[in-house]
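There are 2 protein chains.
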Amino acid sequence: MGANQNMTEYPQGIKWTKQRKCVYQVLSDATEPLSAQQIYMLAGQMAQNDTYALSTIYRILATFEENGIVNSTTWMGDDTVVYELERGEHTHYAVCLDCRKRIPLQGCPFTIGHFGHRHGDDGEGELSDFTVIGHKIELYGYCDACSANHVNNTDL
Amino acid sequence: MGANQNMTEYPQGIKWTKQRKCVYQVLSDATEPLSAQQIYMLAGQMAQNDTYALSTIYRILATFEENGIVNSTTWMGDDTVVYELERGEHTHYAVCLDCRKRIPLQGCPFTIGHFGHRHGDDGEGELSDFTVIGHKIELYGYCDACSANHVNNTDL
DNA sequence: ACGCAAATGCAACTCATTCGCATTTAGAAC
DNA sequence: GTTCTAAATGCGAATGAGTTGCATTTGCGT
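In the order they appear, the protein sequences are chains A and B.
Under my numbering, the first residue of the first sequence carries the number 1, and numbering increases by one thereafter.
Under my numbering, the first residue of the second sequence carries the number 157, and numbering increases by one thereafter.
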């Protein structure tokens with residue numbers, strides 16, 4: 001089937017079926033988040049003989065997410081969910097509103113603390129009642145190529 | 157129909173049909189972003205006599221967005237798009253992963269500049285080729301009520 | 001008041017994602 | 001290694017947000 005035969009490598013706690021191994025493999029080979037459809041195709045391609053049901057892929061991804069093996073998000077202005085292996089780090093992106101190209105940003109510009117204590121600073125947002133475990137940041141605008149086709153758009 | 161009769165109040169450049177006036181009214185009454193479905197229902201409720209087609213609502217919202225009258229986003233972990241009037245300011249939210257409650261945060265913790273020049277700092281992300289016109293930030297975690305039901309989840 | 005481009009209503013369609021249920025299988029217990 | 005069962009899979013049907021084609025209506029410039 002593939003490269004990964006020794007199951008001792010996999011995160012434990014769930015049944016490691018060939019389908020799950022394959023999806024896991026696809027995700028660890030990936031360099032950016034993938035949609036269920038993409039994973040479906042890549043997995044089917046990797047397991048040359050049999051092809052795995054799309055609904056199975058969705059279920060596997062849901063299970064992986066529940067077990068903290070993968071994370072999911074969506075891109076700005078796109079409705080399909082994408083998945084990536086939880087690698088203990090995260091990346092933010094700048095998304096071109098025109099061609100949808102995504103440029104990964106280095107590092108993370110602010111720590112949770114900046115927001116977490118905000119309620120004390122200026123009044124409202126009662127974040128004292130909220131346990132922050134993560135965040136999501138996206139910049140949007142126009143990339144080099146596309147910005148030529150656009151007039152000034154002052155949004156913020 | 158409603159309160160807004162004098163069309164001079166409306167942004168100009170597009171035809172102001174009764175449906176559009178109604179959707180506009182619903183959005184200006186709203187205190188938080190609404191989905192097309194919600195707007196559909198609220199509009200139908202406001203225009204007691206006739207009811208407007210859902211597809212029309214979608215088309216109106218698309219037109220409004222193209223004309224900079226509204227902005228759209230999606231909530232973390234939810235796939236439906238929500239719309240709000242462009243009021244020249246923006247709000248970020250903390251989203252509870254359990255009950256989906258959203259807590260608005262005061263102000264914006266960082267300016268575009270923080271990111272815009274990032275490429276110079278540490279290597280990769282060639283943001284010099286990118287014109288940033290906006291951003292999106294979301295915190296996620298568990299609210300007061302829900303955090304009780306959850307074990308520690310060390311994510312980011 | 002007239003006329004036409006633009007907007008609407010309706011119904012059919014797309015497409016990501018989910019669900020029910022019969023069949024298969026991982027892996028714990030023998 | 002064989003047995004057994006809960007969990008996982010496959011398949012196809014269902015859901016639900018959002019879109020689209022087309023005939024009909026209407027805003028609004030003249």
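Virtual Cβ for every residue (Gly too), placed ideally from N, Cα, C.
N-terminal and C-terminal residue of the alpha helix (DSSP H) that isoleucine 170 of chain B is part of: Premise fails: isoleucine 170 of chain B is in no alpha helix (DSSP H) and is neither H nor E.
Sorted by chain position, which residues of the same chain lie with C-beta nearer than 7 Å to isoleucine 170 of chain B's C-beta, five sequence neighbours on each side aside? Exclusion of the five residues before and after isoleucine 170 of chain B leaves Thr219, Asn223 as the residues of its chain whose Cβ lies within less than 7 Å of its Cβ.
Applying a beta-carbon distance threshold of less than 8 Å, which residues of chain A neighbour glutamate 240 of chain B? By Cβ distance, chain A contributes nothing, its closest Cβ being about 13 Å from glutamate 240 of chain B, past 8 Å.
For arginine 243 of chain B, which option in B:Val251, B:Cys255, B:Lys257, B:Ser228 has the closest C-alpha, if you only look at C-alpha atoms? B:Ser228
Can you tell me whether glutamate 245 of chain B is helix, strand or coil according to DSSP? Note: glutamate 245 of chain B maps to coil in three-state DSSP.
Of the choices A:Ser28, A:Ile57, A:Asp129, A:Gln38, whose alpha-carbon is the least far from that of glycine 297 of chain B? A:Asp129
Does any residue of chain A have a CB that is nearer than 8 Å to the CB of serine 191 of chain B? no
Decide if glutamate 138 of chain A is buried, meaning its Cβ has at least 16 other Cβ atoms within 10 Å, or exposed. buried
Since phenylalanine 220 of chain B sits in a beta bridge, which residues does DSSP pair it with? Phenylalanine 220 of chain B is not bridged to any residue.
Rounded to whole angstroms, what's the CA-CA distance from aspartate 234 of chain B to asparagine 205 of chain B? Just pull it up for me. 33 Å
Short of 8 Å in beta carbon distance, which residues of its chain neighbour threonine 314 of chain B, apart from the five on each side in sequence? Order them along the chain. Residue 314 of chain B cannot be examined here, being either before or after the span of chain B that is shown, 157 to 312.
Using a beta-carbon distance below 8 Å, is serine 303 of chain B in contact with chain A? Serine 303 of chain B counts as touching chain A.
Beta-bridge partners of cysteine 143 of chain A, as assigned by DSSP: B:Phe286
Output the boundary residues of the beta strand (DSSP E) element that contains leucine 198 of chain B. Counting along the chain, leucine 198 of chain B falls outside any beta strand (DSSP E), though it belongs to the alpha helix (DSSP H) covering 192-202.
My assumption, with CB atoms under 8 Å, is that methionine 46 of chain A sits in contact with glutamine 25 of chain A. Please give the rounded CB distance. 7 Å
Looking at tyrosine 239 of chain B: is its Cβ nearer than 8 Å to the Cβ of leucine 217 of chain B? In this structure, leucine 217 of chain B lies closer than 8 Å to tyrosine 239 of chain B by Cβ.
Burial state of cysteine 143 of chain A, where buried means 16 or more other Cβ atoms lie within 10 Å: buried
How would you call alanine 199 of chain B, buried or exposed, if buried means at least 16 neighbouring beta carbons within 10 angstroms? buried
So, under 8 Å CB-CB, valine 132 of chain A and alanine 250 of chain B are touching, yes? Tell me the CB distance rounded to an integer number of Å. The pair is a contact, with the Cβ atoms about 7 Å apart (cut-off 8 Å).
Kindly indicate which three-state DSSP category aspartate 278 of chain B falls into: helix, strand or coil? With a pLDDT of 42 at aspartate 278 of chain B, under the threshold of 50, the modelled position of that residue is not reliable, and no figure is offered here.
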